[in-house]
Amino acid sequence: MIRKKRMGKGIAKILSGLLVFGMVAGLVPAVPGGTVHAKAAEPHTSHCVCGKGEHTNNGHDYKEETWTGINNLSEINSQGSGNYYLTQDVKLEEVWSCRNDVKLCLNGHKITREIKSDGRFPYENAVICIYGTFTLTDCKENGIIKHEGENTGAGVYNIGNFFMYNGMISNNNCGVKNAGDFNMYGGTISGNINEKTSDYGGGVYVDAQHTFNMYGGTISGNTAGYGGGVNNKGTFNMYDGSTWSYVKI
Ligand SMILES: [Zn+2]
Ligand SMILES: [Zn+2]
């Protein structure tokens with residue numbers, strides 16, 4: 455009886471071993487099978503810096519430019535200056551700093567800063583901080599730069615040169631805090647709410663001795679204690695475009 459029991463266990467072990475082997479063998483072809491059904495990347499064509507080809511009010515000559523696809527902004531740090539487009543939505547846990555000459559097409563994607571901690575300096579709480587030259591555009595709809603949840607920082611904190619041709623900056627405590635030179639040719643700065651500090655505009659804050667030239671685009675529906683649309687302590691030249699804001703009562 456004892457021998458029979460032992461033999462039974464041995465057969466059971468072999469059977470379970472075959473079963474495990476069978477499962478693994480079954481899984482191996484399932485992986486490449488899954489990739490066959492993965493959604494193909496949307497094509498991105500070369501396009502002008504204005505993104506949608508309006509070429510109006512934006513002080514540039516029409517020029518087809520080629521753009522390199524990136525999955526994350528950190529790829530720009532390793533590749534340096536150039537033209538890039540997002541191949542997917544990007545989430546940031548800390549500010550992304552632009553130190554080169556970068557043109558970025560959002561390609562309809564989101565750059566979202568998720569709040570993890572409050573930085574000691576305001577620029578640490580921004581989504582993007584510009585030290586070099588940064589040009590923002592979007593050749594599709596709905597590309598956006600924003601905070602998720604509590605909007606405790608600026609969308610773009612500019613200490614260098616910022617050119618905006620297209621895209622949206624929304625849900626930050628200030629759309630663009632400009633302590634450099636900011637030229638806006640298009641796009642939208644909307645839905646930014648500043649309720650805490652006076653040195654922010656909801657839409658755009660222009661620091662002393664710095665310049666904001668608005669040639670086009672829309673600054674709308676921003677809220678702040680001072681200057682909901684544009685809070686100007688430097689130079690604000692409005693050549694075209696539109697601004698309106700909510701007034702805090
Ligand atoms: Zn153009
Ligand atoms: Zn594009």
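Position 163, counted from 1, in the sequence shown is what this note's numbering calls 617; the numbers after and before it change by one each time, with no gaps. Using N, Cα and C, we set each Cβ at its ideal position, and we do this for glycine too.
1. Mark Gly603 as exposed unless 16 or more other C-beta atoms lie within 10 angstroms of its C-beta, in which case mark it buried.
2. For ligand 2, any of its heavy atoms closer than 7 Å to the Cβ of Gly505?
3. Roughly how many angstroms lie between the CA atoms of Thr591 and Met618, to the nearest whole one?
4. Have a look at the DSSP bridge pairing and note the partners of Trp698.
5. Relative to ligand 1, is the shortest distance from any of its heavy atoms to the C-beta of His514 smaller than 7 Å?
6. What is the DSSP secondary structure of Glu568, counted as helix, strand or coil?
7. Could you check whether the segment 570-588 touches the segment 616-631, counting it as contact only if at least three pairs of C-beta atoms, one from each stretch, sit closer than 8 Å?
8. Run the Cβ filter for me: residues under 7 Å from any heavy atom of ligand 2, listed in the order they occur in the chain.
9. For Ile524, which residues in the same chain have their Cβ closer than 6 Å to its Cβ, ignoring the five residues on either side in sequence?
10. What three-state label does DSSP hand Glu519 in the structure shown?
11. Hey, Met638 and Tyr669: beta-carbon distance below 8 Å or not?
12. Out of curiosity, what's the CA-to-CA distance linking Asn554 and Trp521?
13. Would you mind sorting Lys650 into buried or exposed? The rule is 16 or more other CB atoms within 10 Å of its CB.
14. Leaving out the 5 sequence neighbours to the left and right, which residues in its chain are closer than 6 Å to Ala484 when beta-carbon positions are compared?
15. Can you round the beta-carbon distance between Asn646 and Gly634 to whole angstroms, since I take them to be within the 8 Å contact cut?
According to the data block:
1. Under a 10 Å Cβ-count criterion, Gly603 is classified as exposed, with fewer than 16 other Cβ atoms of the shown protein chains found around its own Cβ.
2. Yes, ligand 2 has a heavy atom inside 7 Å of this Cβ.
3. One C-alpha to the other measures close to 6 Å.
4. Trp698 is bridged by DSSP to Ser674.
5. True, at least one ligand heavy atom lies under 7 Å from that Cβ.
6. Strand, per DSSP.
7. Yes: at least three Cβ pairs fall under 8 Å.
8. For ligand 2, residues qualifying as neighbours are His498, His501, Gly505, Trp521, Tyr539, Cys559, Asn561, Thr591, Asp592, Cys593 and Lys594, where qualification means a beta carbon closer than 7 Å to at least one of its heavy atoms (chain order).
9. Hits under 6 Å: Tyr538.
10. Strand at Glu519.
11. Tyr669 is positioned such that its CB atom lies closer than 8 Å to that of Met638.
12. Each residue's Cα considered, the two are about 16 Å apart.
13. With fewer than 16 other Cβ atoms within 10 Å, it is exposed.
14. In this predicted model, Ala484 has a pLDDT of only 42, less than 50, meaning its place in the structure is not dependable; the value taken from the coordinates is given anyway. Non-local beta-carbon contacts of Ala484 in its own chain, meaning distances under 6 Å to residues more than five positions away in sequence, are absent.
15. So it is not a contact: roughly 18 Å between Cβ atoms.
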